[in-house]
Structure formats: structure tokens, C-alpha cells
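So the structure is just underneath, and the comments pick up after that.
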Amino acid sequence: MLTIKVDPHTHTLFSGHAFGTIEENVRHAAEVGLDAIAWTDHLSPMFTPVINGFPQLGGMLNLTSLPKTCLGIRVYAGVEIDIMDKEGHLAFWDLVPPFGPPPGKKDDAPKMPSFLEFFLPSREFTIASVHMRPGQLPGTEAEFTDMYVRVMQNSRVHAIGHPIRARYPFDWKAFLEACRLTHTLPEINEHTMDLNEEFVATLRTFAEACARDNVPVIVSSDAHSSFHVGGLSKSIALLEEIGFPQELIANRDMASFEAAIAAKTGKAPDRH
Ligand SMILES: [Zn+2]
Ligand SMILES: [Zn+2]
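The working numbering runs 109 ahead of the 1-based position in the sequence shown.
Here it is in C-alpha cells:
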């Protein structure tokens, strides 16, 4: 029997198309026996308003106002960021914050960090996902494989969200080899199981490939309402059917989840 104590992919109202607050998500997580969730609202041109040139981050950077542990549930400050193109650029990659160097310091002022250089280090867990419609980004399987590999080479990205559901073809073997080498976690996404039988069959084969190639994964609800936080029953049933090893589920408990993050970034997650 597989057990999973961390839901590493959950959304709140702040995503614009989700229903739960942090408190509601945490209450449900406690009810279903989780120890932790990652709070991973979208950072995406599709979902994130931009005002005066600056993406509106709401509470995402106001972490001192949110306890690290709420109602006994550890809340990892995360994000689900969009992959934008075949080069593997992430949402708002070319944005420099619209504040300049202090007056009188123009010449010798250090280069301003890009928005992502400023934002991503604040995240304890970052999922990068493709949300473009199939065909919106023209390209070949080799190009999309390269895209994912480049994203994995970003030391701030811990996981690739729903690679099967994105419906951009990629070479599984090369993808999984890159996951292993870069300590990036592919996602088994519960929501993908709700779509149709074809997705379920593909996800099953993908999970078998992860097990065969010894690649750790995350298993996530991708909850867009508090009622779905920790809802992993279909994924767990699928993984049990194929004999997926518990030790390859990086989010089976907090210790294994933090170890997987540390494997990528060199240090365990932490925040105020
Ligand atoms: Zn997504
Ligand atoms: Zn999501």
C-alpha cells in the first residue's frame, strides 16, 4: 500500500481560476492525513495580471505573514511557472523590474537582477509546466525534448508539471535521463487521470518507464479547490497496479520531499 504525506501541487484563489484559500487547503490537508502541502499558484502570462510592468504576486512574496506550519501542516512556498518556448524560457524571463538604480549611482550601479533572478530564489518548490494548447507552439519531438532538458538545467526548477497532459511530444528516454542527471522530478498528476482513458493509459506507461529507469517522481493532486487537496486515489491505484516502488515517490513524506529538493538545489527548503 503506497502512502503519500505531501501534496506538492495545490492552487488557491490567487491563481484566478481556483477556489480555495490557504486556510481551506490546509484544513482539508489535515483532514485527509497529510503532513505538508506545497502552495503552487500559477506564475503565467495567462493567469498573472501585470500592472505597471510588474507581475502581481499578491501574497506570494509576503511569506513572513504566513506561518511555515499552519494547523500542523507544513506549507512549502512554491510556484507553478509556465514554460514559454522551445528554448525553455520561463514566464517573465525577459522582465527586468521597473525600478532603476538609486539616484546618482547610475554609472557604477550593479546590473539589476531580472525578475526571475529576484523571484525564484524565494520559492521552496518550483514546478515548471507547459500550458499552451497543443500545436500553439510548433515544433518537433526533438525540439520539445530539448526544451524540457533546458528547463531541467535551471537549478531553481524542481519538477516538470504534467508532462503527459501538456501533449507536446518528447523523447521519454532522453527526458527521464535528464530528470535523473539534474535531480528534476517528473509529475504524476491526478487531474490527468480525469481526462480520458487514453491519458490514463499513457500515464501508466510513463510511470512504468519512470520505475524502469529508476527516476523519482512527484504524485500530485493539482487541486484547484480545497476539496481536492490530497486527492491522489486514482494515481495511487494506478501506481499500485504497476508495482511502482514507494521509494521512487519523492513526496511520500516530508523527509524524502526535502531530500529531493536538496538534491537539486544543494540545500533543504526553508523560509520564514
Ligand atoms: Zn498546470
Ligand atoms: Zn497546477
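Heads up, the beta-carbon is just placed ideally off N, CA and C, and yes, glycines get one too.
Please go through the same chain and pick out, in chain order, the residues whose beta-carbon is closer than 6 Å to the beta-carbon of Leu246, but skip the five residues on each side of it.
-> In the sequence shown, the residue the question calls residue 246 occupies position 137. Nothing meets the Cβ criterion.
Report the partner residues of Leu152 according to the DSSP bridge assignment.
-> For the purposes of this step, residue 152 is taken as the residue at position 43 of the sequence shown. BP columns for Leu152 point to Ile190.
In this structure, does DSSP put Phe253 in helix, strand or coil?
-> By 1-based counting over the sequence shown, the position of residue 253 is 144. In the structure shown, Phe253 sits in a helix (DSSP, three-state: H, G or I).
Cα-Cα separation, Asp191 to Glu349 | In the sequence shown, counting from the first residue as 1, residue 191 sits at position 82. In the sequence shown, counting from the first residue as 1, residue 349 sits at position 240. So the two alpha carbons sit approximately 31 Å from each other.
Option in Asp362, Leu304 and Ser334 with minimal Cα separation from Glu132 | Taking the sequence shown and counting its residues from 1, the one referred to as residue 132 is at position 23. Among Asp362, Leu304 and Ser334, the Cα nearest to that of Glu132 belongs to Ser334.
Environment of Asp255 [buried if 16+ CB atoms lie within 10 Å] | Within the sequence shown, residue 255 is the residue found at index 146, counting from 1. Counting Cβ neighbours within 10 Å, Asp255 comes out buried, since at least 16 surround it.
Contact set for Thr119: own chain, Cβ-Cβ below 7 Å, skip 5 residues either direction = Residue numbering aside, residue 119 sits at position 10 when the sequence shown is read from its first letter. Excluding residues within five positions, the ones whose Cβ falls inside 7 Å are Asn134, Ile146, Ala147, Trp148, Thr149, Ser330, Ala332 and Val338.
In DSSP terms, what Leu175 is bridged to | On the sequence shown, position 66 is the one that residue 175 refers to. Leu175 is not bridged to any residue.
According to the neighbour-count rule (16 or more other Cβ atoms, all chains shown, within 10 Å of its Cβ), is Asn305 buried or exposed?
-> Counted from its first residue, the sequence shown places residue 305 at position 196. The residue in question, Asn305, is exposed, as its Cβ has fewer than 16 Cβ neighbours within 10 Å.
Does ligand 1 have even one heavy atom less than 7 Å from the beta-carbon of Ser223?
-> Mapped onto the sequence shown, residue 223 falls at position 114. Incorrect: Ser223 has no Cβ contact closer than 7 Å to ligand 1.
Should Pro378 be labelled buried (16 or more other beta-carbon atoms within 10 Å of its own) or exposed?
-> Counting from one through the sequence shown, the residue named residue 378 turns up at place 269. Answer is buried; the Cβ neighbour count reaches 16.
Starting from Glu286, trace the alpha helix (DSSP H) both ways and give me its first and last residue.
-> Taking the first residue of the sequence shown as position 1, residue 286 is located at position 177. First-last of the alpha helix (DSSP H) with Glu286: Trp281 to Thr291.
Please report how far the alpha carbon of Ala139 lies from the alpha carbon of Gly248, in whole angstroms.
-> The residue you call residue 139 lines up with position 30 of the sequence shown. The residue you call residue 248 lines up with position 139 of the sequence shown. Using only the alpha carbons, I get a separation of about 43 Å.
If we count the other Cβ atoms within 10 Å of its Cβ and call it buried at 16 or more, is Leu347 buried or exposed?
-> Against the sequence shown, residue 347 aligns to sequence position 238. Buried: at least 16 other Cβ atoms inside 10 Å.
State whether the segment 362–376 contacts the segment 159–166, with contact taken as three or more CB pairs (one from each stretch) at a distance under 8 Å.
-> no
Within this structure, are the beta carbons of Gly270 and Glu356 separated by less than 8 Å?
-> Against the sequence shown, residue 270 aligns to sequence position 161. Against the sequence shown, residue 356 aligns to sequence position 247. It is not a contact, given that the beta carbons lie outside the stated cut-off.
If we count Cβ pairs, one from each stretch, closer than 8 Å, do we get three or more for the segment 195–207 versus the segment 224–241?
-> yes
Per DSSP, what kind of secondary structure is Phe353 in: helix, strand or coil?
-> The residue you call residue 353 lines up with position 244 of the sequence shown. Phe353 falls in the coil class under three-state DSSP.
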